[in-house]
Amino acid sequence: MKKFLNGPWVLLLPTLIILTCVVLLPLLISLWTSFTPFKLTKPDTLYRFVGFRNYERLIGDIDFWIAFGRTVLFLAIALNLELVFGLGIALLINKITYGQRTLRTLMMFPMMFSPILVGFQWKYIFNDNIGLLNNFLREFGVIQPIPWLVDGVLANISIMAAEIWSSTSVFAILLLAGLLGIPKDPLEAARVDGCNSWQVFKNITLPFLMPFVFIAMTIRSLDVARAYDIVQMMTGGGPAKRTELLWTLISRTGYVDAKMGMANAMSYISIFLSIAFTFFFFYKLMQSRQQLSYE
Amino acid sequence: MNKKQFQNILIWTSAILLIILIMTPGLWVVLTAFRPQVDVMAKPPVWIPRNLSFNQFETMLFGGSEGSMGRSPVPVLSYLYNSVVISFTSTFVAVLVGTIGGYGFARHNFKFKNGYFLMIMLTRTIPGISLSLPIFILFSRIGIIDTHFGIIVVFVALNIPFTVWLTDGFFRQIPRAMSEVAMTDGCTKLQAFWHIELPLSKSGIASAGIFAFLISWNEYALVSNLARSTDSKTLTVGLMDFTAQFTINWPGMCALAVFIIIPALLLTFLVQKHLVSGLTFGGVKG
Chain A
1 MKKFLNGPWV LLLPTLIILT CVVLLPLLIS LWTSFTPFKL TKPDTLYRFV
51 GFRNYERLIG DIDFWIAFGR TVLFLAIALN LELVFGLGIA LLINKITYGQ
101 RTLRTLMMFP MMFSPILVGF QWKYIFNDNI GLLNNFLREF GVIQPIPWLV
151 DGVLANISIM AAEIWSSTSV FAILLLAGLL GIPKDPLEAA RVDGCNSWQV
201 FKNITLPFLM PFVFIAMTIR SLDVARAYDI VQMMTGGGPA KRTELLWTLI
251 SRTGYVDAKM GMANAMSYIS IFLSIAFTFF FFYKLMQSRQ QLSYE
Chain B
296 MNKKQFQNIL IWTSAILLII LIMTPGLWVV LTAFRPQVDV MAKPPVWIPR
346 NLSFNQFETM LFGGSEGSMG RSPVPVLSYL YNSVVISFTS TFVAVLVGTI
396 GGYGFARHNF KFKNGYFLMI MLTRTIPGIS LSLPIFILFS RIGIIDTHFG
446 IIVVFVALNI PFTVWLTDGF FRQIPRAMSE VAMTDGCTKL QAFWHIELPL
496 SKSGIASAGI FAFLISWNEY ALVSNLARST DSKTLTVGLM DFTAQFTINW
546 PGMCALAVFI IIPALLLTFL VQKHLVSGLT FGGVKG
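The listed protein sequences correspond, in order, to chains A and B.
Here the first sequence is numbered in my numbering, starting from 1 and rising by one per residue.
Here the second sequence is numbered in my numbering, starting from 296 and rising by one per residue.
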């Protein structure tokens, strides 16, 4: 007993119990449900085992694969643009000496916004009738309102803009913290040796920033699914499913169509997608950390 | 010198553009909250507001008849109450449990330690909507759907991993020798923790708390499915309820949006210095 009280387990137990009850146990229920034809309207179907039927149907379901592909593409484009913009902003703020702290504080502004608020404010800005953007364009002679959230392609771009607005600052703030921590000696030594700014950036700044890039990516990949809130608010997956992401599809299948079994099968696939993203960046983070400590 | 001046102008122009991009959407929402519906809907657009008023806020809070759209469709006060109770309770419990867990990870070595740590972090990656499905099934069977308790429990689980991560990073910064000295002087382990390690990691715990609060306050995907009525619906769900109206009351929605953002803004500016160091500490030096 004394050994137990002095060991790590007494400290970790509360954490492990809560996570087991609220995450692992539901995941098991979810796994079981994905092997049943469970519908909310017919409670008995929860106990009927049908094997891999839901998954087999999903493989042949074109709507599902379109949503899946759109989600992966959406994340790939959004995360890369956020990284590039974040890096640009961090380099910019790093150059500014007067008012740097004020700028950094302003940069944190979007981080406090709930995704549902982000969705709302951009829904308002992109509104084709009274939105800020169309009103603004009108002053410049674009009388015909542009249907930002009604046209399939434009709606995807609008949602992407909202997503990038809300998450770029995470990258900017973390990369700026990295930039401020770079030791000055190697930078000056490189300048004295005649490196130009691009060479300094490529060979010194960037390698030093890499762990910060991966921290930002890891933190960001933890909550990629917040895009669900934004899409739900801005378009609800429409028009005609043109902005449907995996998560909005799951919610529609589970709660609107009440097909819980099928929705759980889909959500397992979405969980693996999220874990794969996080795992990849976490692995990269560990790798770059080791590299830094060797040097 | 000319090149330098040009560079300076370039930097400042882009900085100003950046500020405009960041601030405009939020400020536009705030401004709209004070404008009459007629102005908002006007064609051609009215840029300079003709008159500003608190009507929307009055309608929202007291359901008065002065607002341009009559009664507010959302019982904001009960949603506000739910939001406050749920966010504060879940933050408190998550920070309590998570700090203890973080201390366990920072101060002990055991088998598969990194494995456990990664497992705990991975629970956080599960999309809210995916997790909501089985929790919905489970909670409706045991009868805690649409209650504060149910949602608080879920939020606690949502916030523990990040708290463990942040506090683990901070506890590692404190040399073990400090508490060991205290213990040879006759402190118990608990006293050493309470008097030495806890005060030193205060800023880490504070930032973990702010993060937990923001996550709870801003969460939508889980609450929207686990909350069914005014008993447990929060402000974010309330904002979504507005869109179910036949004609969207934009100024009313903006007023509610302002209401949601203010506590988050205040809290974050209070502790913004700790936030960045908290995040990078835990991450790089781990």
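Note that CB positions come from ideal geometry on N, CA and C, so glycine has one too.
Checking contacts by CB at 9 Å: is residue i closer than that to chain B?
| i | result |
| --- | --- |
| A:R226 | yes |
| A:F277 | yes |
| A:V84 | no |
| A:K284 | no |
| A:M107 | yes |
| A:Q232 | yes |
| A:K184 | no |
| A:Q121 | yes |
| A:D229 | yes |
| A:I157 | no |
| A:G7 | yes |
| A:P299 | Absent from the model: residue 299 of chain A. The displayed extent of chain A is 1 to 295, so no value can be given. |
Less than 9 Å between CB atoms is the rule here; does residue i satisfy it with respect to chain A?
| i | result |
| --- | --- |
| B:F465 | no |
| B:M478 | no |
| B:A328 | no |
| B:H490 | no |
| B:I555 | yes |
| B:Y376 | no |
| B:I415 | yes |
| B:S425 | yes |
| B:P344 | no |
| B:L565 | no |
| B:G396 | yes |
| B:L560 | yes |
| B:A472 | no |
| B:T420 | yes |
| B:R523 | no |
| B:I381 | no |
| B:K484 | yes |
| B:G393 | yes |
Going by beta carbon distance, what residues of the same chain come within less than 8 Å of residue i, once the five residues before and after it are set aside?
| i | result |
| --- | --- |
| B:V341 | D334 |
| B:P422 | A516 |
Within a Cβ cutoff of 7 Å, which residues of the same chain sit near residue i, ignoring the five residues on either side of it in sequence?
| i | result |
| --- | --- |
| B:K484 | M478 |
| A:L40 | A258 and M260 |
| A:V150 | D128 and P239 |
| A:N134 | D128, P145 and I146 |
| B:S360 | Since pLDDT at B:S360 reaches only 45, below the 50 mark, its modelled position is unreliable, and no value is offered. |
| A:F281 | F214, M217, T218 and S221 |
| B:A328 | Q351, P546, C549, A550 and V553 |
| A:G51 | F35 |
| A:M108 | S169 and I173 |
Based on DSSP bridge pairs, tell me the residues matched to residue i.
| i | result |
| --- | --- |
| A:K39 | A:K42 |
Given residue i, which residues of its chain have a CB within under 6 Å of its CB, disregarding the five upstream and five downstream residues?
| i | result |
| --- | --- |
| A:L132 | I125 |
| B:F431 | N520 |
| B:T531 | Y515 |
| A:G178 | L209 and F212 |
| B:P339 | none |
| A:E302 | Residue 302 of chain A falls outside the range modelled here, since chain A spans only 1 to 295, and no answer is possible. |
Check your understanding: What residues from the stretch 502 to 513 of chain B come within 8 Å of chain A, judged by C-beta to C-beta, listed N to C?
Key -> L509, W512 and N513
Review point. Is it true that the stretch 377 to 384 of chain B meets the stretch 525 to 535 of chain B, where meeting means three or more beta-carbon pairs spaced less than 8 Å apart?
Key: yes
Check your understanding: Of the residues that make up the stretch 308 to 334 of chain B, which ones have a beta carbon closer than 9 Å to any beta carbon in chain A?
Key -> S309, A310, L313, I314, L316, I317, M318, T319, P320, G321, W323, V324 and T327
Check your understanding: Using Cβ-Cβ distances below 9 Å, what residues of the stretch 239 to 268 of chain A are close to chain B?
Key -> L246, W247, T248, I250, S251, G254, Y255, M260, A263, N264, M266, S267 and Y268
Practice item. Check each residue of the stretch 428 to 452 of chain B: if its Cβ is closer than 7 Å to any Cβ of chain A, include it; give the result in chain order. Key: L428, P429, I430, I432, L433, V448, V449, V451 and A452
**Study point:** Residues in the stretch 45 to 70 of chain A having any Cβ partner in chain B nearer than 8 Å
**Key:** L46
**Study point:** the stretch 403 to 412 of chain B in contact with the stretch 495 to 508 of chain B per 3-pair CB rule at 8 Å
**Key:** no
Check your understanding: According to a CB-to-CB cut-off of less than 7 Å, which residues of the stretch 16 to 49 of chain A neighbour chain B?
Key -> I18, L19, V22, V23, P26, L27, I29, S30 and T33
Review point. Counting pairs of beta carbons, one from the stretch 410 to 425 of chain B and one from the stretch 443 to 462 of chain B, are three or more of them closer than 8 Å?
Key: yes
Point to revise | the stretch 74 to 100 of chain A: positions lying closer than 8 Å to chain B by Cβ | key: I89, L92, I93, K95 and I96
Practice item. For the stretch 531 to 545 of chain B, enumerate the residues whose C-beta is nearer than 9 Å to any C-beta of chain A, in chain order. Key: T531, V532, L534, M535, F537, T538, I543 and W545
Check your understanding: Taking any Cβ of chain B, which residues in the stretch 138 to 150 of chain A have a Cβ under 9 Å from it, in chain order?
Key -> R138 and E139
Review point. Does the stretch 106 to 125 of chain A come close enough to the stretch 309 to 325 of chain B to have 3 or more Cβ pairs within less than 8 Å?
Key: yes
Check your understanding: Three or more beta-carbon pairs under 8 Å between the stretch 60 to 79 of chain A and the stretch 156 to 171 of chain A, yes or no?
Key -> yes
Point to revise | Interface positions of the stretch 124 to 135 of chain A facing chain B (Cβ-Cβ less than 7 Å), listed along the chain | key: Y124, I125, I130, L132 and N135
Check your understanding: Any chance the stretch 439 to 452 of chain B sits against the stretch 18 to 33 of chain A, with 3 or more Cβ pairs inside 8 Å?
Key -> yes
**Study point:** Stretch-stretch touch, CB-based, cutoff 8 Å, three pairs: the stretch 459 to 469 of chain B with the stretch 392 to 401 of chain B
**Key:** yes
Point to revise | the stretch 557 to 564 of chain B in contact with the stretch 92 to 112 of chain A per 3-pair CB rule at 8 Å | key: yes
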